[in-house]
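Residues 448 to 537 in the numbering used here are what the sequence shown spells out, letter by letter.
For glycine and all other residues, C-beta sits at the position ideal for the given N, C-alpha and C.
Data block below; observations after.
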Amino acid sequence: MDAAYVKKLQDDAIKQDNKDLVLAKRRKGKLQKNAYSSILDALHKIGVYINRDALSKRVEQEIKIKHQLKCFVMKQLLNFLVLLKMTTML
């Protein structure tokens, strides 16, 4: 197998696991005790070596970005509704 293709598969595996952890944390508010361990174990089985701190940091950054985006969208929606109400009052 081509080394570049293997690297892409490994990168995609990390991204998918990150998405899964973010989704699990958003649904339940926190992760199970062994969530990182089981994902790190699965990644190691396919030749991906990332430490727990790096994976945890990626998850926290993704959650922070999603929260900031949500706040931005809500603020824009609120501004739009205020503007809409002001224009209908004229």
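Going by DSSP, Asp500 is part of the alpha helix (DSSP H) stretching over 499–536.
Of the other Cβ atoms in all chains shown, fewer than 16 fall within 10 Å of the Cβ of Ile512; this residue is therefore exposed. Under the three-state reduction of DSSP output, Ile461 falls in the helix class. In this structure, the beta-carbon distance from Leu468 to Ile486 falls below 8 Å. With a cutoff of 8 Å on beta-carbon distance, Ile493 and Ala460 are scored as near each other. By the C-beta density criterion, Val506 is buried, having at least 16 other C-beta atoms within 10 angstroms.
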